[in-house]
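Chains as they are written, first to last, in the UniProt record's numbering: chain A, 1 to 392; chain B, 1 to 392; chain C, 1 to 392. Okay, so here's the structure we're looking at.
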Amino acid sequence: MAPGTGPVHEALAALPLVDHHCHGAVTADLSPEAFASLLTEGAAWPGVSPWDTPAGLAVRRHCAPLLDLPRHAPPEAYLDRRTALGHAEAGRRFLTAAGAEVFCVDTGYAPHPLTSPAELARAAGAAAFEVVRLEQLAEAVAARGVEPGEYAAVFRSAAEDAVRRPDVVAVKSVAAYRTGFALDPRRPADAEVTEAAARWLTAGGRLTDPVLVRHLLWTAVELGLPLQLHTGFGDADLRLHHADPALLTDWLRLTSGTVPVLLLHCWPYHRQAAYLSAVFEQVYLDVGLALHHTGPARCRAVLEEALEITPFRKLLYSSDAYGLAEFHHLGALCFRGALAGLLQDRVDADELTLSDALRIAAWTGRDNARRLYGPPVSEPASDPSGRPTRKV
Amino acid sequence: MAPGTGPVHEALAALPLVDHHCHGAVTADLSPEAFASLLTEGAAWPGVSPWDTPAGLAVRRHCAPLLDLPRHAPPEAYLDRRTALGHAEAGRRFLTAAGAEVFCVDTGYAPHPLTSPAELARAAGAAAFEVVRLEQLAEAVAARGVEPGEYAAVFRSAAEDAVRRPDVVAVKSVAAYRTGFALDPRRPADAEVTEAAARWLTAGGRLTDPVLVRHLLWTAVELGLPLQLHTGFGDADLRLHHADPALLTDWLRLTSGTVPVLLLHCWPYHRQAAYLSAVFEQVYLDVGLALHHTGPARCRAVLEEALEITPFRKLLYSSDAYGLAEFHHLGALCFRGALAGLLQDRVDADELTLSDALRIAAWTGRDNARRLYGPPVSEPASDPSGRPTRKV
Amino acid sequence: MAPGTGPVHEALAALPLVDHHCHGAVTADLSPEAFASLLTEGAAWPGVSPWDTPAGLAVRRHCAPLLDLPRHAPPEAYLDRRTALGHAEAGRRFLTAAGAEVFCVDTGYAPHPLTSPAELARAAGAAAFEVVRLEQLAEAVAARGVEPGEYAAVFRSAAEDAVRRPDVVAVKSVAAYRTGFALDPRRPADAEVTEAAARWLTAGGRLTDPVLVRHLLWTAVELGLPLQLHTGFGDADLRLHHADPALLTDWLRLTSGTVPVLLLHCWPYHRQAAYLSAVFEQVYLDVGLALHHTGPARCRAVLEEALEITPFRKLLYSSDAYGLAEFHHLGALCFRGALAGLLQDRVDADELTLSDALRIAAWTGRDNARRLYGPPVSEPASDPSGRPTRKV
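Structure below.
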């Protein structure tokens with residue numbers, strides 16, 4: 001946990017990261033209650049302050065100094081200072097401290113008003129691209145009104161339109177939340193989709209029909225862009241054991257040769273995700289959300305487990321930060337520290353050469369994402385302003 | 001693993017613990033075979049001595065000195081000395097060494113003659129309260145004879161009578177052993193319960209009917225007391241994967257706003273339990289049984305995993321000791337050493353302030369249980385004898 | 001990770017191991033592509049070199065010096081030198097470096113031409129015995145032609161013939177790959193077997209019928225030899241979550257009192273396997289394949305988890321090496337280093353005596369296998385040549 005030293009730490013500290021999956025930051029000052037509720041995947045309950053968590057401790061330790069406060073500042077002082085600076089200035093400090101050259105932003109979940117990718121990019125002095133959440137798209141199609149028999153075609157067309165935008169670099173599904181992965185892996189027949197769409201369009205509500213979720217996943221692979229899948233850890237709206245990525249095995253077998261599949265977060269099933277990344281060409285993973293929620297004290301342990309068998313070309317960095325720009329910063333800080341620590345220790349033990357360690361650090365922090373997403377992610381600084389021409 | 005030093009170690013060494021889930025100690029001297037069988041969750045098999053386990057090593061290392069033997073005394077010497085002292089004196093030594101102010105004792109499982117809570121309290125110089133095991137209560141109802149149509153009401157009434165006793169602080173279910181948690185989460189209809197009761201009352205035996213186990217769990221939430229649930233690790237009478245607490249998700253959602261639910265043991269699903277504690281207000285956890293079975297060499301690793309995302313208000317201490325008072329002591333020793341070690345290291349790495357560390361130590365060792373169970377657990381030393389007025 | 005010192009390291013370095021589950025080494029020089037594909041449980045994919053994995057790094061670090069190359073030699077230099085030496089000489093170096101007295105060789109999987117047990121023994125200067133893979137035997141029975149009604153008897157008879165050979169010390173099933181363990185645990189009725197055989201013998205292909213896999217497992221317990229079961233980690237032809245050994249619980253209960261069951265590999269379900277070994281007399285485990293795939297940087301962590309509650313009589317060593325003799329060596333190197341490291345640390349922390357540590361080291365590296373398999377494994381050096389009289 002101690003702040004690391006040595007060439008791998010230095011290299012990772014200087015590396016511009018690609019944060020291949022995150023959300024925007026809030027665009028308003030936050031009440032203590034609102035801030036607390038964003039600190040946790042749960043909620044703020046009487047007598048159980050979200051500050052009294054590993055993530056809360058990490059914010060006090062590693063974010064307070066960026067607000068000109070002492071390390072470990074108490075929550076009240078932290079919030080006062082944050083409000084005094086204003087959300088925009090606080091956000092700017094955390095986002096620039098993250099040291100990312102690219103953020104890939106899931107724009108499909110926003111119960112709070114959040115920065116757009118363009119706003120996030122501006123505040124961070126980085127580039128930002130968009131990840132299209134397919135469930136939101138499907139629900140928008142339903143909300144606009146569609147005949148059951150036309151649902152498949154209209155959804156497909158809407159998805160094709162969405163990914164045609166130059167700033168869109170990936171699609172995402174939250175099937176883990178809706179049905180989990182214990183699904184029939186086969187592509188549903190047209191008639192099944194129509195029948196399921198009829199039920200859903202009548203009943204309304206979120207897309208939770210298993211046939212339509214399968215259809216969404218199969219539509220995703222036809223879009224040609226990398227597919228991000230939430231797996232493992234998330235909020236209360238989840239059956240954790242249904243989000244075990246191992247449950248995707250049959251579907252991964254059927255869809256091999258199509259698009260890259262990025263397993264997000266994965267914890268506590270990160271070893272299962274590592275197995276999938278080792279045996280399926282198209283599978284990649286990160287431990288996103290687990291980085292800042294486990295904090296500096298444990299994120300290295302999680303990352304070490306995730307890397308036990310994962311090919312070094314298959315791990316990516318994400319923060320999965322949502323709402324609090326603190327988490328864009330903390331994710332990067334945790335990732336850099338954890339990865340540098342484990343690589344440096346292996347170099348020191350002569351299990352790894354320094355040049356291999358530096359290569360692995362650059363791959364996982366940046367180059368694997370560049371390779372996978374291609375342009376514009378791989379050319380983020382190609383215009384004179386220092387930000388990519390295709391940025392949002 | 002080294003005996004720790006520093007203020008957090010000192011604070012935890014001095015902290016009177018609340019052992020919120022344990023059993024009594026045996027009330028007879030034990031043959032070598034009987035002792036060995038209590039050392040393990042398995043059995044004593046030819047050629048595979050239960051002493052040759054992490055728990056067996058821990059007993060020789062950390063319990064032998066309390067019997068005036070050298071550290072690591074061999075099993076024969078240990079047993080000779082234990083018999084020479086007598087079970088009562090040996091028990092007294094271990095129970096006082098545990099340094100608990102309160103034991104919450106599950107009285108519903110006693111294949112051996114065990115100390116009552118009052119006897120345990122006397123031997124330990126502590127207070128002891130009772131945890132009512134609901135399956136035992138249901139089976140007693142069946143044994144006394146009841147009409148199927150009256151089973152629900154009679155069981156409910158028996159449970160209400162049981163929890164009305166002032167020394168009862170919680171109820172417990174071993175549904176994990178009987179059906180596992182992959183149950184329909186809904187409250188069963190009256191007619192279903194009657195039908196299932198008719199089958200069971202005719203067939204006899206333990207309560208293993210899924211409808212009646214569901215009914216028991218739903219009855220539990222109406223009693224108003226905290227509900228302890230065995231999860232994960234236990235003896236051979238278990239399907240481990242059916243004891244994964246993540247399987248409780250839908251039931252936890254349906255019963256939110258009712259009673260606190262304490263997930264006991266959890267290993268190897270302690271990360272799943274941690275997730276539940278982070279997203280459901282009513283969920284708490286411990287790693288009870290895993291502490292002394294993994295021993296000083298590994299209990300810290302288990303506790304670190306359990307605490308990765310668990311809010312610090314959500315972890316409790318229990319020993320789950322059964323039969324051998326050695327385990328009441330070892331559980332406490334393992335917990336204190338593991339928690340102090342991890343907190344002190346974080347203080348040393350400047351990831352945590354000392355005052356926060358001391359607060360977290362007191363919370364998890366004592367105050368979270370006091371807060372959760374309320375009186376009499378929270379007022380354990382309120383009579384002049386130094387033991388609580390409402391103690392058994 | 002640092003090369004360990006101290007008496008436990010010395011003892012384990014000198015201990016002749018029993019590698020109770022491995023495969024043969026290739027009998028031809030390998031193209032770079034062929035070598036790379038054997039480095040991984042996945043495949044060699046464009047842009048994702050199997051050298052860029054923990055196993056690849058471990059080969060460069062720990063195998064290169066045995067080919068007279070510097071530590072961390074690059075892949076090209078490694079392959080050139082290996083080819084210059086020839087597969088036989090390279091194999092001889094790695095196999096003797098493994099320091100095993102016995103190899104138990106699964107001869108039922110050989111997509112590449114591999115050394116026979118006798119050839120492996122000769123190259124290693126050790127003894128080698130055979131493990132009969134039952135699925136291959138059943139498929140050979142089918143290939144030779146059999147009436148459905150006679151399948152059970154003919155398979156049984158073929159298995160009895162196979163295990164009667166003096167060099168056969170165990171049988172093995174890959175049910176994990178074929179159906180997984182979420183099977184009806186009961187022995188199938190004769191009529192069911194006949195019916196399933198009729199379907200299979202008509203349809204052809206691999207043995208994947210659930211009734212016939214159950215029948216195979218029940219036949220295995222009648223053969224009287226230890227039964228090795230692949231569990232957990234393996235290649236892409238697996239549903240990992242169906243290979244969780246906890247799923248075997250009911251079957252283990254029904255077959256208790258019959259043959260020893262050896263759970264191979266287990267990762268990431270090694271804690272589940274440890275639980276089974278702690279509560280079922282007949283259950284043993286190893287973390288075979290996970291040793292060289294996680295490599296020196298992580299195999300200790302995996303072994304520590306596997307040993308959290310496992311009785312010390314219940315853990316065995318295997319390499320599960322296939323094809324590359326590098327892995328026969330790396331498995332042994334990882335096992336020795338990891339086990340010695342964890343035991344020595346416990347001795348240093350006074351949690352374990354040196355004599356207990358040495359006993360545990362000898363048990364897990366050799367004696368548990370000798371005890372379990374009996375002769376000829378337990379008498380491997382009984383002829384004047386230094387190799388056992390009953391060796392292949």
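Heads up, the beta-carbon is just placed ideally off N, CA and C, and yes, glycines get one too.
Taking the C-beta atoms as reference points, C:W267 is found no nearer than 8 Å to C:F312. If you draw a straight line from the Cα of C:S319 to the Cα of C:H293, it is about 10 Å long. The continuous alpha helix (DSSP H) containing A:D161 extends over residues 151-164.
In the DSSP annotation of this structure, the continuous segment of the beta strand (DSSP E) that includes C:A100 starts and ends at 100-106. In this structure the segment 279-291 of chain B does not lie against the segment 296-303 of chain C, because fewer than three pairs of beta carbons, one per stretch, are closer than 8 Å. Apart from the 5 residues on each side of it in sequence, C:L57 sits with its Cβ closer than 7 Å to the Cβ of G295 in its chain, given in chain order. In the three-state scheme derived from DSSP, where H, G and I count as helix and E and B as strand, C:R133 is classed as strand.
Those residues of the segment 259-291 of chain A placed with their C-beta closer than 7 Å to a C-beta in chain C are R271, Q272, Y275, A278, V279, F280, E281, ordered along the chain.
By the 16-neighbour rule on beta-carbons within 10 angstroms, C:P46 is exposed.
Pairing A:L342 with B:A220, the inter-Cα distance amounts to about 47 Å.
Within the segment 312-325 of chain A, those residues whose Cβ lies closer than 9 Å to any Cβ of chain C are, in chain order, F312, R313, K314. Only residues of its own chain outside the window of five on either side were considered, and among them V174, A176, L264 have a CB closer than 6 Å to the CB of A:H230, listed in chain order. The straight-line gap separating the alpha-carbon atoms of C:L339 and B:Q272 is approximately 28 Å.
In its chain, beyond the 5 residues on either side, W218 have a beta carbon closer than 6 Å to the beta carbon of A:R187. Using a C-beta cut-off of 8 Å, the segment 27-34 of chain C makes no contact with the segment 136-145 of chain C, since fewer than three inter-stretch Cβ pairs fall below that distance. Distance from the CA of C:F335 to the CA of B:G145, rounded to the nearest whole angstrom, comes to 59 Å. Remark: C-beta atoms of C:H241 and A:D244 approach each other more closely than 8 Å.
As for any alpha helix (DSSP H) of minimum length 4 sitting wholly inside the segment 175-244 of chain B, the runs are 175-178, 190-203, 210-223, ordered along the chain. Interface residue (Cβ-Cβ distance to chain A less than 8 Å): B:D350 is classified as such. Going by beta carbons, A:H72 and A:R61 fall inside the 8 Å limit.
Annotation for C:V347: no beta strand (DSSP E) segment contains it, though the alpha helix (DSSP H) segment containing it runs 325-348.
Interface with chain C (8 Å Cβ-Cβ cutoff): A:L85 is excluded.
At the C-beta level, A:E308 and A:A274 come within 8 Å of one another. In the structure shown, B:L38 falls within a helical segment according to DSSP collapsed to helix, strand and coil. Taken through DSSP and simplified to helix, strand or coil, A:D367 comes out as helix. Sixteen is the threshold: since fewer than 16 other Cβ atoms of the shown chains lie within 10 Å of the Cβ of B:T5, the residue is exposed.
B:P54 and C:L358 have their C-alpha atoms roughly 15 Å apart.
Taking a C-beta cut-off of 8 Å against chain C, the contacting residues of the segment 23-49 of chain B are T40, E41, G42, A43, W45, G47, V48, S49, listed in chain order. Your pair A:H21 and A:Q228 checks out as a contact, with CB atoms roughly 6 Å apart and the cut at 8 Å.
Per DSSP, the continuous alpha helix (DSSP H) segment holding A:A13 begins and ends at 7-14.
Rounded to the nearest whole angstrom, the C-alpha separation of C:E101 and A:E326 is 57 Å. Nothing from the segment 113-139 of chain A brings a Cβ to less than 7 Å from some Cβ of chain C.
The residues A43, A44, P50, in chain order, have a CB closer than 8 Å to that of A:S37 in the same chain once the five nearest residues on each side in sequence are set aside.
The C-beta of C:H293 comes closer than 8 Å to at least one C-beta of chain A. Cβ-Cβ distances below 6 Å link A:L324 to L38 in the same chain, with the five nearest sequence neighbours on each side left out; the list follows chain order. Residue contact check for C:F233 against chain A: a CB pair falls below 8 Å.
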